[in-house]
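Colleague:
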Amino acid sequence: MRREQKRYIHDMDTLRTYLKTVDGFRNYWIGTTFWDIKKSKSIITIESPRVNSNEKSDVTLVWELTLYESGSSTQMIDDFFAQPLTELILDDNRIKFQFAEGYYSFKFGALSLRVPIRSKEDSYLEIQRVNLEYFLNLLNNGLKLDNLAFSFKSDNNDICCFIGCINWGEIAYSELFSGYSELKAFENIEEMFNSKIFNGKSLKERWPEVVIDNINGMPFGDWLTQFNEGLKINLYEKNDKIIINGVELDGWIDQSKNCHTCGVSACYFFDFDAYCCPTCNIWLTNEVGFEKRPLEPELLWKPNKLLPFCHVRFSPYKKVYTYYNPEQNLSPWEWVLVPVGKNDIEREAQVIKAFKSPAHQPPISLNKVKSVLQKLPSLADEVSETLNELLEKGRVCNLSSKKNLVDPKDPYDVLKTPLGHFWLELNNQPIQMSINAIYPKRNTILFVEGVYQIKPYSHEFEDFQHLKICTDVNIRKARYIDRFGHNINDGARWQIGKYELGIAARVTECVKSDVKAIAMKIPYYFKWNKKHKEMYGFTVVWQYYKSDINHNFFWHFYWF
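Just add 122 to wherever you are in the sequence shown, counting from 1, and you've got the numbering used here.
1. Take Gln450 and list the residues in its own chain whose beta-carbon comes closer than 6 Å to its own, dropping the five residues that flank it on each side.
2. Do Ile553 and Pro530 have their beta-carbon atoms positioned less than 7 Å apart in this structure?
3. As a quick exercise: from Tyr190, Trp405, Asp376, pick the residue whose alpha carbon is nearest that of Asn215.
4. Run the CB neighbour count on Tyr246, radius 10 Å, all protein chains shown included, and call it buried at 16 or more, exposed below.
5. Among Phe315, Glu309, Ile217, whose alpha-carbon lies nearest the alpha-carbon of Asn259?
6. Would you report the Cα separation of Glu209 and Leu187, rounded to the nearest angstrom?
7. Of all the options Cys399, Leu513, Ser276, which has the alpha carbon lying nearest to the alpha carbon of Thr593?
8. So what's His132 in DSSP terms, helix, strand or just coil?
9. By the three-class DSSP mapping on this structure, what secondary structure does Tyr140 have?
10. Please report the distance separating the alpha-carbon of Thr136 from that of Leu235.
11. Alpha carbons only, please: which of Asp268, Gln617, Asn310 is nearest the one belonging to Met340?
12. Within a Cβ cutoff of 7 Å, which residues of the same chain sit near Tyr256, ignoring the five residues on either side of it in sequence?
13. In chain order, what residues of the same chain have a beta carbon less than 8 Å from the beta carbon of Asp376, not counting five sequence neighbours either side?
14. Can you tell which of Leu541, Asn558, Asp535 has its C-alpha closest to the C-alpha of Glu547?
15. Using a Cβ-Cβ cutoff of less than 8 Å, which residues in the same chain neighbour Glu622 once the five nearest sequence positions on both sides are dropped?
16. Let me make sure I understand the geometry here. Which of Lys638, Gly619, Gln575, Asn596 has the alpha-carbon closest to that of Glu656?
17. Among the residues of its own chain, which have a CB less than 6 Å from the CB of Pro206, if the five just before and after it don't count?
18. Can you tell me which of Cys399, Leu459, Asn565, Gly572 puts its alpha carbon nearest to the alpha carbon of Tyr65?
19. With DSSP as the reference, label Asn520 as helix, strand or coil.
20. Whose CA, out of Ile366, Asp145, Ile217, His543, lies closest to the CA of Val505?
21. With distances taken between CB atoms, is the gap from Asp670 to Pro645 smaller than 7 Å?
22. Need the endpoints of the alpha helix (DSSP H) that Ser500 sits in, please.
23. At what residues does the alpha helix (DSSP H) containing Asn262 begin and finish?
24. Using the rule of at least 16 other Cβ atoms within 10 Å of the residue's Cβ for burial, across every protein chain shown, is Ile364 buried or exposed?
25. How many Å lie between Pro454 and Phe583 at the Cα?
26. In angstroms with no decimal places, state the Cα-to-Cα distance between Cys381 and Trp374.
27. Which residue or residues does DSSP assign as beta-bridge partners of Tyr358?
28. Determine the closest residue to Val494 out of Val637, Tyr658, Val518, Glu456, with distance taken between C-alpha atoms.
29. By how many angstroms is the C-alpha of Pro484 removed from the C-alpha of Leu325?
30. With distances taken from CA atoms, which of Ala204, Thr566, Asp636, Lys563 is nearest His588?
31. Cβ of Ala476 within 7 Å of Cβ of Leu527?
32. How big is the Cα-Cα spacing for Val184 and Ala222?
33. Identify which residue in Gly146, Asn651, Pro448, Glu470 has its Cα closest to the Cα of Pro438.
34. How many angstroms separate the CA atom of Met134 from the CA atom of Ile168?
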């Protein structure tokens, strides 16, 4: 049975001596408190001093104090979490937490203090070993190795060895190490790793005792940061070592101990004397939820690394979801393609916020988070091919510069306005349309810059799937204002820079259930009733933006 390495202090005299070494926990903080009434014990965590008193994330070390048979308490302070300790005092069977503005104390029968075994400066592991298969796979897939500096444990790390790429003609790889004057050259990676040049053994044979100093002049941990493993954790156990994304660590996977957040099996690391959940980036203990000495998701183990995330919505004002953003180039109001549900169905969503979160404090458990698949192009880019063909071969109704009237009996292929172009598509194919343009008088309650009523020019559709209004106006970057639904129209409004734009589909009692909206809230018809074919159509209204409250805007959707 594997034995865990624990460091506990149970003896009162030993504890008093230890308190002197930490200055009575002066300027330390109370982290968490837990009372187990059934077992009559209390658990209190004490955290190391913070660099910034307002930032709890600075904490790297946690002491766990367990008090058995805890009895009556005395509290002469309102909030002992809000200020640091001035001293922890032991007096027979009573313990006292002294603060600048009061104290907190109670009796106990026995106690136990768990001491963290690593210093604050060395609170994360320095990566010096990597799994050979993982490393060779990187090299075989095009990774250029300019220089790898390493040593062997059995040599007491006294002899530094080097391998690297020299690009001399057809001979790509070389090896040289101190103590030898010759330069050996190899034609491929396998030959270099299998050649018995290290005291009669190959580098592959001696790899378990390799300690990496740097790669390409960079510390190994920094070098690993170049590789975006995403948030996928590749974890397995081999020969009393845990291998996570290629990095080898001393420890084992405990199938009997699970993470309380995601349920995966916990990992025990000898160097930290603690259990860890590699997917949630939290340390696990038996009594307290977690300690503040976490890992990074990509096993780079650098506490200050920031990872990019984003909040998205599938519908305005609905629930916000969090996704990992590997591209790091998203801005609010842009649209992305994301996987949804167990089957990872692709859906469009709008970015509400793009942000970065510390690797040890992800906004969501990493076994649950999914990655953005791609940023969607602007509507202008997406429809450019169709629009260019319509402008080149079709009949254009140009209302972009003058407020001209249009004969609704004339067929057009595309409408050009000051905001952009609009056209109709039946089953994703452009169709001709009739247009009616209205320009309300200025200084009236109904004034807007333009109203365009658009209908299919022909109403005889044999195979109807959907009828949509299309545009190159970049609604994907617009600010959604609201949706308006009525017994006459169903549509939405947006602010696009200095403009306010509204698009609605006409609905009546006979076609009320025939309208849906795409992710951007642009309405479309998904049913077609031949008896009421004259009732189907769209309205586009625009004006210069003044306020979200704009009642006169809606009157222009009462038409036909």
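We put the beta carbon where it would ideally sit given N, CA and C, even for glycine.
Modeller: For this structure:
1. Position 328 of the sequence shown holds residue 450. Cβ within range, chain order: Pro430.
2. Counting from 1 along the sequence shown, the entry for residue 530 is found at position 408. Counting from 1 along the sequence shown, the entry for residue 553 is found at position 431. Not in contact: Pro530 and Ile553 (Cβ atoms no closer than 7 Å).
3. As a working note, residue 215 is residue 93 in the sequence shown. If we check each option's Cα against that of Asn215, Tyr190 comes out closest.
4. Taking the first residue of the sequence shown as 1, we reach residue 246 at position 124. Confidence is the limiting factor: at Tyr246 the pLDDT is only 45, short of 50, which leaves the residue's position unreliable and the question unanswerable from this model.
5. Mapped onto the sequence shown, residue 259 falls at position 137. When each option's Cα is compared against that of Asn259, the closest is Phe315.
6. For the purposes of this step, residue 209 is taken as the residue at position 87 of the sequence shown. For the purposes of this step, residue 187 is taken as the residue at position 65 of the sequence shown. So the alpha carbons of these two residues sit roughly 15 Å apart.
7. Translated into positions along the sequence shown, residue 593 becomes position 471. Looking at the Cα atoms, Leu513 is the closest of the given residues.
8. Along the sequence shown, read from residue 1 onward, the residue named residue 132 stands at position 10. His132: coil per DSSP, three-state reduction.
9. Your numbering for residue 140 matches position 18 in the sequence shown. Tyr140 falls in the helix class under three-state DSSP.
10. As a first step, residue 136 is located in the sequence shown; it is residue number 14 there, counting from the start. As a first step, residue 235 is located in the sequence shown; it is residue number 113 there, counting from the start. Between Thr136 and Leu235, the C-alpha separation is close to 10 Å.
11. Within the sequence shown, the letter at position 218 stands for residue 340. Nearest option by C-alpha distance: Asp268.
12. Your numbering for residue 256 matches position 134 in the sequence shown. Once the five neighbours on either side are set aside, the close Cβ partners of Tyr256 are Gly368.
13. Taking the first residue of the sequence shown as position 1, residue 376 is located at position 254. Excluding sequence neighbours, Asp376 sits near Ser387, Ala388, Cys389, Tyr390, Tyr397.
14. To locate residue 547, count along the sequence shown from 1; it is residue 425. When each option's Cα is compared against that of Glu547, the closest is Asp535.
15. By one-based count along the sequence shown, residue 622 stands at place 500. These residues qualify, in order along the chain: Ile603, Arg615, Trp616, Trp664, Gln665, Tyr666, Tyr667, Lys668, Asn672, Phe675.
16. Locating residue 656 in the sequence shown gives position 534, where the first residue counts as 1. When each option's Cα is compared against that of Glu656, the closest is Gln575.
17. Translated into positions along the sequence shown, residue 206 becomes position 84. So the qualifying residues of the chain are Asn149, Trp151.
18. The requested residue 65 is not part of the displayed model; the chain covers only 123 to 682.
19. Position 398 of the sequence shown, counted from the start, is the residue given in the question as residue 520. Three-state result, Asn520: strand.
20. Position 383 of the sequence shown, counted from the start, is the residue given in the question as residue 505. Measuring from the Cα of Val505, the nearest candidate turns out to be His543.
21. If you number the sequence shown from 1, residue 670 lands on position 548. If you number the sequence shown from 1, residue 645 lands on position 523. Going by C-beta atoms, Asp670 is not nearer than 7 Å to Pro645.
22. Counting from one through the sequence shown, the residue named residue 500 turns up at place 378. From DSSP, Ser500 is part of no alpha helix (DSSP H); its letter is neither H nor E.
23. Residue 262 sits at position 140 when you count from the first residue of the sequence shown. Its alpha helix (DSSP H) spans residues 254 to 262.
24. Locating residue 364 in the sequence shown gives position 242, where the first residue counts as 1. Buried.
25. Sequence index remark: in the sequence shown, residue 454 carries index 332 (1-based). Sequence index remark: in the sequence shown, residue 583 carries index 461 (1-based). If you take the alpha carbons of Pro454 and Phe583, they lie about 40 Å apart.
26. Looking up residue 381 in the sequence shown gives position 259. Looking up residue 374 in the sequence shown gives position 252. Their backbone Cα atoms lie some 15 Å apart in a straight line.
27. On the sequence shown, residue 358 is found 236 positions in, with the first residue counted as 1. According to DSSP, which records beta bridges pairwise, Tyr358 is partnered with Ile365.
28. As a position in the sequence shown, residue 494 is number 372, starting the count at 1. If we check each option's Cα against that of Val494, Glu456 comes out closest.
29. Here residue 325 refers to the residue found at position 203 when the sequence shown is read from its first residue. Here residue 484 refers to the residue found at position 362 when the sequence shown is read from its first residue. Cα to Cα, Leu325 sits roughly 38 Å from Pro484.
30. Your numbering for residue 588 matches position 466 in the sequence shown. Selected option, being the one with the closest Cα: Asp636.
31. Here residue 476 is taken as the residue at index 354 of the sequence shown, counted from 1. Here residue 527 is taken as the residue at index 405 of the sequence shown, counted from 1. Not a contact, by the Cβ cut-off of 7 Å.
32. Sequence index remark: in the sequence shown, residue 184 carries index 62 (1-based). Sequence index remark: in the sequence shown, residue 222 carries index 100 (1-based). The straight-line gap from Cα to Cα measures roughly 21 Å.
33. Your numbering for residue 438 matches position 316 in the sequence shown. Taking only the C-alpha atoms, the option nearest Pro438 is Glu470.
34. To locate residue 134, count along the sequence shown from 1; it is residue 12. To locate residue 168, count along the sequence shown from 1; it is residue 46. Cα to Cα, the separation comes out at about 18 Å.
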